[in-house]
Amino acid sequence: MDPRTKVIAAIVSLFLIWAGGSVVYHYVEGWCWLDSFYFGATTLTTVGYGDYYPTTNAGKLFTIFFVFIGVAVALYTLTLAGEYYTERRVEARVLEHFAEQNKEHSLFQHLRQGGKK
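So in numbering that gives the first Met the number 0, spot 95 of the sequence shown is number 94, and the numbers just go up one at a time.
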């Protein structure tokens with residue numbers, strides 16, 4: 000699988016975990032959809048303001064797994080995205096370097112031939 004596809008798959012996975020967790024909180028905790036998505040986002044980003052928290056045993060148990068799996072996938076996604084960005088930057092610099100060397104080499108060859116085409 001190419002790196003770009005990996006990044007996209009990781010982002011989709013993270014979104015599905017976030018959405019799935021929000022559905023669980025909506026039904027288990029009885030929160031509105033906005034509060035459920037808000038809690039999921041603050042939990043997965045490890046911000047955790049403390050304004051919402053699970054009060055049912057099922058919600059607390061789910062949160063344990065949601066945090067471990069969700070944060071791991073979030074970190075993996077950030078790692079893949081960072082690697083992808085870094086690789087693109089390195090490739091661009093290498094190509095730029097070779098283009099500059101080729102330009103200098105062509106100029107040297109042109110001057111060596113006495114400036115003739």
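Quick reminder that beta carbons are idealized off the backbone N, C-alpha and C, glycines included.
What is the C-beta distance between residue i and residue j, in whole angstroms, given that I count them as a contact (C-beta under 8 Å)?
i, j, result
"residue 16", "residue 72", "6 Å"
"residue 79", "residue 18", "With 8 Å as the limit, residue 79 and residue 18 do not qualify as a contact, their Cβ atoms being about 20 Å apart."
Can you list, in chain order, the residues of its chain whose CB lies under 7 Å from that of residue i, leaving out five sequence neighbours each side?
i, result
"residue 89", "none"
Beta-carbon separation of residue i and residue j under 8 Å?
i, j, result
"residue 20", "residue 65", "yes"
"residue 36", "residue 51", "no"
"residue 122", "residue 41", "Since the first residue of the chain shown is 0 and the last is 116, residue 122 is not available in this structure."
"residue 3", "residue 83", "yes"
"residue 54", "residue 28", "yes"
In chain order, what residues of the same chain lie with their CB nearer than 6 Å to the CB of residue i, ignoring the 5 residues before and after it?
i, result
"residue 23", "61"
"residue 5", "79"
Cutting at 8 Å between CB atoms, please list the residues of its own chain near residue i, excluding the five before and the five after it.
i, result
"residue 86", "2"
"residue 47", "41"
Does the Cβ of residue i lie closer than 7 Å to at least one heavy atom of the ligand PLP?
i, result
"residue 43", "What this structure holds is no ligand at all, so the ligand PLP is not there to describe."
Touching by the beta-carbon criterion (3+ pairs, under 8 Å), the region 82-102 and the region 54-68: As far as the Cβ criterion goes, the region 82-102 does not touch the region 54-68, which means the pair count is below three.
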